[in-house]
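Q:
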Amino acid sequence: MHIEEVDVLVIGAGPSGSVAASMINKQGYKVKVVEKTQFPRFVIGESLLPRCLEHFDAAGFMPAIEAAGFQKKNGAVFKMDDKQCDFDFSESYTEGWNYAWQVPRDEFDKVLADEVEKMGVPISYQTTVSGVEFNGSNSITTIEDQNSTQSQIKAKYIIDGSGYGRVLPRLLDLEEPSDFPVRAAMFTQVVDTNRPNDIESNRITVIAHTQDFWVWVIPFSNGKTSIGFVGYEENIKKHDGTLEEQFRSFLKEIPQVPERFHNSEMRFEPKQIMGYSAAVKQLYGPGYVLTGNATEFLDPVFSSGVTFACESARIAGELICKELEGEKQDWEKLYSKHLMQGVDTFRTYVQAWYDGRLQTIFFSSQSEHNINIKICSVLAGYVWDKSNSFVRSHDKAVTNLAKLLKSQVNQTI
Ligand code: FAD
């Protein structure tokens, strides 16, 4: 069987695979990407956070993304009943990028992957990883192309950016059940013919229908809008009929969903994902590292998935390059602990969203600017800035603030 030799093999050409491949290639190491599908391919995860831009910049992707004309996103709107809370990324505590994008991921991921190829990194599309063996300082990965032809790749490191494919977690028995309740999502993209030219056209709107059922509305610059419903599986499955009929029932039943969507044309039949949360026993091991959704995924409510994909991929790429230069790295501290600091911060906010603490904060009329800007930084993905008390002591800060605001409401009744 043919064996190709590289320094680093990257599995998957999503955001984590592309960022990692670029970081390795920049340092002059030989890197190859294998991708199961042919791009463009559909993947969910369309609302990005400003923190991602740090990594796109480091990976050299910014000119290509800017040129593609995706919808700029400069904040997020949250709605519940007749209340509204608006976060503007230009009013964030942490200094950094003050915008991100709302993107159809099929097009967006292709822009990144094409940039990687232009940098000289080969991507084998329609090629699947079917097995891996580690022997000493190398690994041998067996891949299969669209003609079912098998070949092997010898690599010093493997970066697993396979997302929902979770290649190494499955092959190396690293899967662990998430400690999050099993929730589900149903979504599609609609043709948004009567979109008003207001604040909501340039930022994601998250509608809290009930405490554990919410809706996203994400307008794109191509005239389409992504709409999704998230809740417990029994609620996502509660309507009868075809997937399209079920979806339209949700559109009509939730009063805050704009009426212009009720009969809008769908770009594809709605898709469902049941039980999206995932976790792993470890993030790295001898000769491999997991990045992006191949690691832990909590919940889509704060659009943090691609941010973690890029954060993990960039650090993994940098650490591997240093090791290839002969400098041993402290992976536990520099990789696992760093990522888990961000994951744990978002975990608090996700839990606080579903148990109502965050809704108390978001929809309070007593909110203060100096606190809002700290929460806004978290929502922009700046969850590693420990000078922000809403990052440093995330759980305590959120719990105390929610209690305070609730008691103020009770006093005024
Ligand atoms: P992916 O983007 O999934 O890319 C992995 C690639 O690996 C794919 O192209 C796949 O084809 C390839 N692959 C898989 N198996 C193999 C194999 N065996 N061999 C070779 N290649 C393989 N995140 C956000 O940032 N914003 C959002 O608004 C958002 N909304 C979400 C909504 C829902 C309902 C869910 C469930 C998730 C959402 N996410 C969101 C999360 C987002 O989808 C992921 O975090 C993100 O796509 C992870 O990027 P990645 O590069 O790790 O993986």
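Numbering (my numbering), first residue to last: 3 to 415. All C-beta atoms in this analysis are idealised placements derived from N, C-alpha and C, irrespective of residue type, glycine included.
1) Around the C-beta of Gly133, are 16 or more other C-beta atoms found within 10 angstroms, so that it is buried, or is it exposed?
2) For the candidate residues Gly71, Arg205, Val208 and Asp162, whose alpha-carbon lies nearest to that of Gly287?
3) Got a sec? Which residues, its chain only, sit under 7 Å from Asn295 by beta carbon, not counting five neighbours each side?
4) Could you tell me which of Gly30, Arg53 and Glu6 sits nearest to Cys378, measuring between CA atoms?
5) Would you decide whether Pro434 is buried or exposed? Buried here means 16 or more other CB atoms lie within 10 Å of its CB.
6) How should Gln1 be labelled, buried or exposed, when 16 other C-beta atoms within 10 angstroms of its C-beta is the threshold for buried?
7) Using 7 Å as the threshold, is the C-beta distance between Leu381 and Phe89 below it?
8) Taking contact to mean at least 3 C-beta pairs separated by less than 8 Å, is the region 56-72 in contact with the region 103-121?
9) Measuring straight from C-alpha to C-alpha, what distance separates Val169 and Val291?
10) What are the boundary residues of the beta strand (DSSP E) that includes Glu7?
11) Report the residue from Ala281, Tyr234 and Gly98 whose alpha carbon sits nearest the alpha carbon of Ala186.
12) Is Val219 near the ligand FAD - that is, is its Cβ less than 6 Å away from at least one heavy atom of it?
13) Where does His211 fall in DSSP's three states?
14) Kindly indicate which residue of Asn237, Lys226, Ser223 and Arg197 has the alpha-carbon position closest to the one of Trp216.
15) Specify the secondary structure class of Asp108 as computed by DSSP and reduced to three states.
16) Would you report the Cα separation of Phe252 and Thr143, rounded to the nearest angstrom?
17) Relative to the ligand FAD, is the shortest distance from any of its heavy atoms to the C-beta of Gly307 smaller than 6 Å?
18) Kindly indicate which three-state DSSP category Gln248 falls into: helix, strand or coil?
19) Select from Glu93, Trp103 and Ile220 the residue whose C-alpha is nearest the C-alpha of Thr190.
20) Whole-angstrom Cβ separation of Ser314 and Leu341, contact assumed at under 8 Å?
21) If you measure from the CB of Pro124, is any heavy atom of the ligand FAD nearer than 6 Å?
22) Check each candidate in Leu321, Val79 and Pro198 and name the one with the smallest Cα separation from Ile206.
23) According to DSSP, which residues form a beta bridge with Cys87?
24) Which two residues bound the contiguous alpha helix (DSSP H) that contains Val308?
25) Got a sec, what are the start and stop residues for the alpha helix (DSSP H) Thr297 sits in?
26) Out of curiosity, what's the CA-to-CA distance linking Glu119 and Val10?
27) Please go through the same chain and pick out, in chain order, the residues whose beta-carbon is closer than 6 Å to the beta-carbon of Asn100, but skip the five residues on each side of it.
A: Let me lay it out:
1) The residue labelled residue 133 in the question sits at position 131 within the sequence shown. With fewer than 16 Cβ atoms within 10 Å of its Cβ, Gly133 is classed as exposed.
2) Counting from one through the sequence shown, the residue named residue 287 turns up at place 285. The residue with the shortest Cα to Cα distance from Gly287 is Asp162.
3) For the purposes of this step, residue 295 is identified with residue 293 of the sequence shown, where counting begins at 1. These residues qualify, in order along the chain: Gly165, Tyr166, Gly307 and Ala311.
4) On the sequence shown, position 376 is the one that residue 378 refers to. It is Arg53.
5) The structure shown does not extend to residue 434, since the chain spans only 3 to 415, so no value can be given for it.
6) An answer regarding residue 1 cannot be provided, because it is not within the stretch 3 to 415 covered by the chain.
7) Numbered from 1 along the sequence shown, position 379 holds the residue referred to as residue 381. Numbered from 1 along the sequence shown, position 87 holds the residue referred to as residue 89. Yes; because the gap between Cβ atoms is below 7 Å, this pair is in contact.
8) Touching, per the Cβ criterion.
9) As a working mapping, residue 169 is identified with position 167 in the sequence shown. As a working mapping, residue 291 is identified with position 289 in the sequence shown. For Val169 and Val291, the distance between alpha carbons rounds to 11 Å.
10) Stepping through the sequence shown from its first residue, residue 7 is reached at position 5. Element bounds for Glu7: Ile5 to Ile13.
11) Numbered from its first residue, the sequence shown carries residue 186 at position 184. Of the candidates Ala281, Tyr234 and Gly98, the one whose C-alpha sits nearest the C-alpha of Ala186 is Tyr234.
12) Start at 1 with the first residue of the sequence shown, and residue 219 comes out as number 217. Because no heavy atom of the ligand FAD lies under 6 Å away, the Cβ of Val219 does not count as near it: no.
13) Here the question's residue 211 lines up with position 209 in the sequence shown. Strand, per DSSP.
14) The residue labelled residue 216 in the question sits at position 214 within the sequence shown. Selected option, being the one with the closest Cα: Asn237.
15) Working through the sequence shown from its first residue, we reach residue 108 at position 106. Residue state for Asp108 is assigned as helix, using DSSP reduced to three classes.
16) The residue labelled residue 252 in the question sits at position 250 within the sequence shown. The residue labelled residue 143 in the question sits at position 141 within the sequence shown. When rounded, the distance between both Cα atoms is 45 Å.
17) As a position in the sequence shown, residue 307 is number 305, starting the count at 1. Indeed, a heavy atom of the ligand FAD lies less than 6 Å from the Cβ.
18) The residue given as residue 248 occupies position 246 in the sequence shown. Correct three-state label for Gln248: helix.
19) Your numbering for residue 190 matches position 188 in the sequence shown. Among Glu93, Trp103 and Ile220, the Cα nearest to that of Thr190 belongs to Ile220.
20) To locate residue 314, count along the sequence shown from 1; it is residue 312. To locate residue 341, count along the sequence shown from 1; it is residue 339. With 8 Å as the limit, Ser314 and Leu341 qualify as a contact, their Cβ atoms being about 6 Å apart.
21) Numbered from its first residue, the sequence shown carries residue 124 at position 122. No, the beta carbon of Pro124 sits no closer than 6 Å to any heavy atom of the ligand FAD.
22) Position 204 of the sequence shown holds residue 206. A check of alpha carbon separations from Ile206 across Leu321, Val79 and Pro198 identifies Val79 as the nearest.
23) Numbered from 1 along the sequence shown, position 85 holds the residue referred to as residue 87. Note: Cys87 sits in a beta bridge opposite Phe80.
24) Within the sequence shown, the letter at position 306 stands for residue 308. Counting along the chain, the alpha helix (DSSP H) containing Val308 begins and ends at Gly307 to Leu326.
25) Mapped onto the sequence shown, residue 297 falls at position 295. Run containing Thr297: none; DSSP gives neither H nor E here.
26) Counting from one through the sequence shown, the residue named residue 119 turns up at place 117. Counting from one through the sequence shown, the residue named residue 10 turns up at place 8. If you take the alpha carbons of Glu119 and Val10, they lie about 15 Å apart.
27) Along the sequence shown, read from residue 1 onward, the residue named residue 100 stands at position 98. Contacts found: Phe91 and Ser92.
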